[in-house]
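Presented below is the structure to which this report refers.
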Amino acid sequence: MNTTNHQPNSQSGFSIAEVTLAIGVVAFGLVAVLGVLPVGLTVQKDNREETIIRYDAQYWMTVLRAGMQPTDALHQVEWVELQVDDGSSTNVYRAHRPRLSGDGFDGVHDGGLMALYNGHLKQTSWPTDVIGWMSIPDNGTALGSVKKTARVRAMNGQLFDRIYGRKVLVATKQEFMSEGDTAFHPLPGGEFAFSYLLETQIAPDPANANLYRITLTFKWPVLDDPTLKDSTKNAGDVKTVSTKSFTTLVGAPPEMAYPREYFNQGSPERRIFDVTLPGEVITLDEIMNLTGLDMIHNEAPPISRLRILRTLEKMKIDNLAEDISEPEAERDSPGMARPEDKWRIGRIYYTHGYYSLRPMTGALPQGGYTPNWGLLGNPERLRGFKMPPLTNSYFNTFYFFTPDYQ
């Protein structure tokens, strides 16, 4: 007969009460952790955005101080707006980089040229144009008071923001469009890309009259931009959250740059700039031979030299030419147009964006362009540059700082 002894189990399990209490303690801890997690993610996001702003601020400071130096990164600028107050009224001018590709003639009165071709040329000089607009002094110029704002996709942000935030043109019309959601839109998902507003203040330093102060004010992130769909809205209507300013000093004020289109087609000034280099020292006879002004006007060389001398003297007033001092020659023949007279030629601004900035209210058909049949076959027609009929139908003034190393 087999006898089995059953020993009681010395290991006992958790009771229902203990398990319930343990789950409650763990749940309490998880609730506390999950409650802190969104705060941590928000702080991380804010720190990342502020880091981007700091890096972009360094970049903008360098770009503005470098003057007329093109940089591809400024294609990240989506639009630029200038509010110009001349003392009697305030005009708002804005240029959207994506919409420039549809900017030009209506395709009928331009000799068959497509407006997209004209517009894409305007986009090529966009980075330097942006520098020229954002470097305009706040006050003290013939323009009056100028407030400058740009919307920028971060240049040092994530690759997603820099690529998918880019706007592409989807409009089927060829004429200039100042508003509407059918004109352009971001790539899929790009509406969530990080962007900011940048305001520049250019003014003399209050503490030192010999210095100029550049102040950059960043406002981020852009939550809503009504200017894209409503041309009556301006930069002040764009919703942002945070603001931060950066300041630096430079040794000289920005100077106004004269675009090539500022001078009339065929004018002596334009011909001189077309055959010389910035800073080049050249004689009156060399200018005459290169420009052919004596043959164009069918003049004797002494008369043509005098015409060139008068032109250079006018350019000198605008700091576009410098007379190289030659005391002995000037003493021997004062006031004469000597063949060997030497002049240093200044620098003008070559841009396709001469008429890119347009008023957002009261814009004219085709962006203010008018057909000019006298220029059929002229190379200028390829660029779409035509003088708009109204004074306030475009804004074509540019200012640039002179780099420290020049």
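The opening position of the sequence shown corresponds to residue 1 in the working numbering, with each subsequent residue numbered one higher.
Ideal Cβ placement from N, Cα and C applies to all residues, glycine included.
Keep in mind it's a predicted model, so treat the numbers as computed, not measured.
In the displayed model, T240 falls within coil according to three-state DSSP, outside both helix and strand. Between F194 and G157, the gap from beta carbon to beta carbon is short of 9 angstroms. Three or more beta-carbon pairs separated by less than 8 angstroms link the stretch 343-362 to the stretch 276-291, which places the two stretches in contact. It is roughly 12 angstroms from the alpha-carbon of L277 to the alpha-carbon of I287. DSSP, read as helix, strand or coil, puts D318 in coil.
In the three-state reduction of the DSSP assignment, T247 falls in the strand class, which pools E and B. Look at the beta carbons and you see the stretch 215-233 not touching the stretch 252-270: under three pairs across the two are nearer than 8 angstroms.
Using a C-beta cut-off of 8 angstroms, the stretch 208-222 makes contact with the stretch 234-254, since at least three inter-stretch Cβ pairs fall below that distance. When secondary structure is reduced to three states using DSSP, Y59 falls in the helix class. Straight across, the Cα-Cα distance linking R65 with T248 is about 10 angstroms. The alpha carbon of T141 has as its nearest neighbour, out of I202, R151, H120, M61, the alpha carbon of I202. The closest CA to that of T351, considering only F398, L82, R358, D294, is found on F398.
In the three-state DSSP reduction, Q69 falls in the coil class, being neither helix nor strand.
The DSSP-derived three-state label of K229 is coil. Beyond the five residues adjoining it in sequence on each side, D237 comes within less than 6 angstroms, by CB distance, of P226 in the same chain, given in chain order. When secondary structure is reduced to three states using DSSP, D161 falls in the helix class. Non-local C-beta neighbours of V92 in its own chain, meaning closer than 6 angstroms and more than five positions away in sequence, comprise Q83, N234, M360, ordered along the chain. Among the bridge pairs identified by DSSP, R307 is matched with none. Sixteen is the threshold: since fewer than 16 other Cβ atoms of the shown chains lie within 10 Å of the Cβ of H297, the residue is exposed.
For the options A154, F273, V19, F401, the alpha carbon positioned closest to that of I52 is the one of A154. Here P206 has no same chain residue with a Cβ atom under 7 angstroms from its own Cβ, once five neighbours each way along the sequence are excluded. In the DSSP assignment, E286 falls within the unbroken alpha helix (DSSP H) covering 284-291. Distance from the CA of D161 to the CA of V25, rounded to the nearest whole angstrom, comes to 42 angstroms.
With 16 or more other Cβ atoms inside 10 Å of its own Cβ, T291 counts as buried. Nearest to P254 by alpha-carbon distance, out of I136, R358, Y394, Q76, is I136.
Exposed is the label assigned to F14, since fewer than 16 other Cβ atoms lie within 10 Å of its Cβ. In this structure, L357 lies away from N319, with their beta-carbon atoms at least 9 angstroms apart.
Under the DSSP assignment, M134 falls in the alpha helix (DSSP H) whose first and last residues are 126-134. Rounded to the nearest whole angstrom, the C-alpha separation of K122 and R99 is 10 angstroms. Residue nearest to E78 within the set E326, Y394, V222, K147 is V222 (criterion: CA-CA distance).
By the 16-neighbour rule on beta-carbons within 10 angstroms, F192 is exposed. Under the three-state reduction of DSSP, Y196 is assigned to strand. Counting the other Cβ atoms within 10 Å of the Cβ of V63 gives 16 or more, which makes it buried. Non-local C-beta neighbours of G87 in its own chain, meaning closer than 6 angstroms and more than five positions away in sequence, comprise G144, ordered along the chain.
The alpha carbon of I214 has as its nearest neighbour, out of L37, Y394, D138, the alpha carbon of D138.
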